[in-house]
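In the numbering used here, the protein residues as written are 2 to 420. Below is one structure, written out as structure tokens; the observations come after it.
Here is the structure:
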């Protein structure tokens with residue numbers, strides 16, 4: 002052990018000695034040190050071992066309180082002193098503006114991450130919880146018992162509506178299909194009854210593009226049914242991207258009357274009876290296009306944004322009456338409305354590979370019935386939505402602008418298809 006050395010400091014003196022690979026630093030308080038508030042002489046009151054470093058005396062002088070009665074343990078030294086690094090600036094225990102800014106950024110970052118996790122993981126977590134409850138606790142109630150015997154499906158002659166019709170029939174629901182093409186409706190009804198033995202299927206012809214005039218008759222027709230599930234699926238889209246000023250007036254009104262008017266008026270018709278029975282389920286089909294404004298599909302995306310907003314608000318209105326309302330916002334699904342994305346030569350492109358088959362979507366969406374209030378209808382669409390939700394609104398708009406500008410250049414036909 003080396004001979005001890007006495008080093009003057011602000012608090013009195015430092016007594017330092019070296020032993021092997023460690024050194025011992027002791028603090029001796031000067032009797033005349035006013036900060037000690039004591040008339041008795043102070044002797045060694047702190048000693049600790051530490052790696053040898055010439056700046057250790059600096060640590061003791063700057064980081065220890067000068068009064069032994071208030072002295073913390075040595076492990077409370079600052080980080081720079083503990084590792085023997087020179088202080089880049091005079092040591093201070095006050096927070097700087099830079100420290101406060103970094104703390105604010107951290108808090109905002111954590112908050113934004115938690116919000117994103119809640120919005121995007123809530124549905125899969127609820128599905129897992131509900132699935133485990135049904136698997137281990139049992140007590141699963143059939144859809145007709147839980148909601149009522151009849152399922153009314155608009156746009157049920159094709160695509161997603163047809164998929165829901167098959168699924169609900171397989172679950173024991175009686176099905177009422179509504180669309181404008183009577184021949185297609187009867188063909189789908191025959192398919193369902195042939196595939197699901199004992200299924201009861203009825204059809205009702207209605208052209209939602211005609212607007213207000215059809216709903217008085219629809220209300221009279223639907224009054225005879227105990228509606229348990231209402232699937233608002235009917236929709237129309239300008240088949241390929243187009244600028245608003247080049248759209249036909251008829252198409253403009255179809256987008257508004259069918260995509261917004263149909264679901265709104267059918268809820269107005271069906272909800273009063275559901276309230277009286279204190280049960281029921283409304284499934285509103287929106288779209289991934291509702292996540293952000295979509296140039297060249299501007300009106301379609303706006304109508305789907307309306308559908309999402311309407312559905313979420315309606316859910317809160319009807320919840321006290323025992324009625325559930327589910328919002329489904331799928332991405333690209335291979336239906337007649339997206340047929341133009343699938344090349345006729347059989348080659349795959351950037352858009353066709355994103356198309357999900359109706360059967361695959363319905364398998365997932367059907368499992369979500371009665372378990373969650375929001376879903377994308379397919380796990381892959383959930384990933385797409387979660388990725389888009391990571392972006393600020395301005396960047397999402399730029400992504401959609403680039404995507405549909407590319408489509409606009411590739412496809413120029415402005416025909417539309419409806420269900």
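Quick reminder that beta carbons are idealized off the backbone N, C-alpha and C, glycines included.
- Spanning the alpha carbons of residue 171 and residue 177 requires a straight line of approximately 14 Å.
- By the Cβ-count criterion, residue 330 is buried, with 16 or more other Cβ atoms from all chains shown falling within 10 Å of its own Cβ.
- Pairing residue 288 with residue 306, the inter-Cα distance amounts to about 8 Å.
- As for any alpha helix (DSSP H) of minimum length 4 sitting wholly inside the stretch 374–413, the runs are 380–390, 394–411, ordered along the chain.
- Shortest Cα-Cα distance from residue 211 to any of 181, 240, 401 involves 181.
- Between residue 237 and residue 256, the C-beta gap is smaller than 8 Å, which places the two residues in contact.
- Residue state for residue 241 is assigned as coil, using DSSP reduced to three classes.
- Residue 116 counts as exposed, since fewer than 16 other C-beta atoms from the protein chains shown sit within 10 angstroms of its C-beta.
- Under the three-state reduction of DSSP output, residue 359 falls in the helix class.
- For residue 144, the CB contacts under 6 Å within the same chain, skipping 5 residues up- and downstream, are 172, 174 in chain order.
- For residue 166, the enclosing alpha helix (DSSP H) covers residues 160–171.
- Burial check for residue 246: the Cβ neighbour count within 10 Å stays below 16, so the residue is exposed.
- Counting of Cβ neighbours within 10 angstroms places residue 300 among the buried residues, the total reaching 16 or more.
- In the structure shown, residue 229 falls within a strand segment according to DSSP collapsed to helix, strand and coil.
- With a threshold of 16 other beta carbon atoms within 10 Å, residue 391 falls short and is exposed.
- Residue 124 sits away from residue 334, with the two beta carbons spaced by 8 Å or more.
- In this structure, the CA atom of residue 410 is about 11 Å from the CA atom of residue 297.
- Scanning 316, 252, 260, 131 for the CA closest to the CA of residue 280 turns up 316.
- Closest in alpha carbon position to residue 365, among 356, 304, 378, 355, is 378.
- Around the C-beta of residue 384, fewer than 16 other C-beta atoms lie within 10 Å, and the residue is accordingly described as exposed.
- Beta-bridge annotation (DSSP): residue 325 is paired with 282.
- Where residue 205 is concerned, the enclosing beta strand (DSSP E) starts and stops at 202–206.
- Annotation: the continuous beta strand (DSSP E) that includes residue 179 extends over 175–180.
- For residue 113, the enclosing alpha helix (DSSP H) starts and ends at 98–138.
- If you look at residue 153, you'll find it isn't in any alpha helix (DSSP H); it sits in the beta strand (DSSP E) that goes 151–155.
- Taken atom to atom, the span from the alpha-carbon of residue 228 to that of residue 399 is near 42 Å.
- The three-state reading of DSSP puts residue 334 in strand, counting E and B together.
- The residue among 295, 147, 356, 163 with its C-alpha nearest the C-alpha of residue 243 is 295.
- If you draw a straight line from the Cα of residue 197 to the Cα of residue 203, it is about 14 Å long.
- The three-state secondary structure of residue 308, taken from DSSP, is helix.
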